[in-house]
Amino acid sequence: MEPSFTLGLEEEYLLVDRRTGDIVPAPPEEMLEACQEQAPGRIHPEFLRCQIEVGTPVCSTLAEARSELAALRGTVAGVADRHGLAPIAASTHPFAAWEPQKHTNRDRYNMLARDLGAPARRLMICGMHVHIGIEDDDLRIDLMNQVRYFLPHLLALSTSSPFWRGRDMERRSYRLSVWHELPRTGMPAGFQSYGEYQSHVAALVDAGVIEDATKLWWDIRPSFRFPTLEMRITDICTRLDDAVTVAALFRCLLRMLWRLKLRNVTWRPYKNMLIEENRWRAQRYGLDSGLVDFGQGRIVPYPDLLEEIIELTREDAAHFGCTAEVERARDILARGTSAHRQVDIHRAALEAGASEDEALRKVVDWLVEETMVGVADQSAPG
């Protein structure tokens with residue numbers, strides 16, 4: 121029986137002052153309350169008060185997921201604007217400092233702040249999580265093992281965090297560098313079954329190290345709350361339609377691997393040592409310097425790898441009715457990710473005579489505008 125392959129997206133935004141472009145350490149409580157009133161159960165506080173998280177309901181189609189996500193972005197932007205603020209869909213802020221940021225006063229977040237120490241206070245980063253419905257526990261683990269190979273390819277399409285505290289960090293996704301200061305991050309090991317996975321989680325829970333599997337912050341994980349496989353490696357895409365494309369690719373890759381399994385075929389397994397080399401290349405270079413094709417034993421230009429993925433998932437994209445969304449990945453390749461655009465805007469401003477502060481502010485202004493591209497409906501989700 122085919123899994124449902126339902127779809128759910130979560131995004132985290134940073135809240136900036138429209139006047140200064142800087143992050144707001146303590147947005148008004150009534151702003152969050154107004155957002156939650158307009159979209160009950162779909163907008164939440166994040167660990168840092170300068171962040172806000174949205175989550176779509178379970179969606180059957182990509183068009184439904186896009187509509188829900190557009191409405192959520194619109195809701196947050198509309199309410200924030202009444203307070204002189206704006207959300208930016210970027211995994212780091214171009215120049216803000218992390219030291220003034222305050223964490224949300226909730227039991228879970230207070231515990232995290234206590235347990236993790238200073239690295240937790242540096243978590244001024246945002247990501248996008250994509251949930252795909254796979255009801256069978258063992259199948260969920262099997263597909264997680266296999267799809268790990270493709271996660272660096274998805275990261276490369278999503279990068280949006282080249283700057284940190286006013287510096288170009290020479291990484292397309294500096295977010296992952298910050299994230300790696302936490303425990304239980306990175307690529308998960310392979311598991312033979314859901315039972316083996318559960319036994320490893322139980323070992324940590326029984327030792328009192330974690331309360332439950334929500335404290336496993338891997339690049340991909342079986343969701344603790346839902347019968348889904350949750351992809352967490354990607355930066356948040358600044359442009360809405362780029363987020364939809366990345367989600368479509370992840371969904372189609374999972375179905376492609378499921379189809380292979382029906383024929384008793386498994387994607388060749390690779391150790392994390394090799395997969396993480398591509399993860400590093402995607403983090404460092406994004407789309408620019410290619411990834412290693414371990415079957416060929418050489419670095420292959422990213423455009424060639426993307427065409428291979430589009431071909432591998434062509435049947436699945438047709439099945440889900442999202443061929444256009446999958447093929448839109450070529451548009452991301454042509455214009456560059458958010459990280460590319462941010463660096464280009466910064467460089468162009470400096471070359472035109474702007475000061476460093478002015479150039480970074482231009483990047484923030486672009487992020488504010490780009491976050492709303494394609495967000496036509498600013499009402500609450502229905």
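Under my numbering, read the sequence shown as residues 121 to 502, first letter to last.
All residues carry an ideal CB built from backbone N, CA and C; glycine is no exception.
| Item | Value |
| --- | --- |
| Exposure label - A402; buried when at least 16 CB within 10 Å | buried |
| Nearest-angstrom Cβ-Cβ length linking L243 and L168, presumed shorter than 8 Å | 6 Å |
| Proximity winner among I356, L425 and L263, relative to W387 (alpha-carbon distances) | L263 |
| Test item: CB-CB of M248 and C357 under 9 Å | yes |
| R295 beta carbon less than 9 Å from that of L336 | no |
| Exposure of L394, with buried meaning 16 or more beta-carbon neighbours within 10 Å | exposed |
| When A472, R193, I254 and A276 are compared against P347, the one with the closest alpha-carbon | I254 |
| Among D413, A496, A238 and Q158, nearest to E396 - alpha-carbon criterion | D413 |
| Distance, P282 Cα to A472 Cα | 21 Å |
| Close beta carbons around R467, own chain, < 7 Å, minus the five adjacent residues each side | none |
| Three-way DSSP call (helix, strand, coil) for T172 in this model | A small fix is needed here, since residue 172 is Ile in this sequence, not Thr. Looking at I172 - three-state DSSP - the assignment turns out to be strand. |
| Ranges of the beta strand (DSSP E) found wholly within the stretch 199-276, counting only runs of at least 3 | 205-208 and 248-253 |
| Closest residue to R461 among A210, Y133, Y269 and R138 (Cα-Cα distance) | A210 |
| Per DSSP, the bridge partner or partners of I419 | V412 |
| Cα-Cα separation between I163 and E149, rounded to whole angstroms | 13 Å |
| Backbone secondary structure at I356 - three-state DSSP | coil |
| Residues of its chain near R186, where Cβ-Cβ distance is below 6 Å and the 5 sequence neighbours each way are ignored | V364 |
| Reference E478, options H320, D142, E184 and I330, closest by Cα | D142 |
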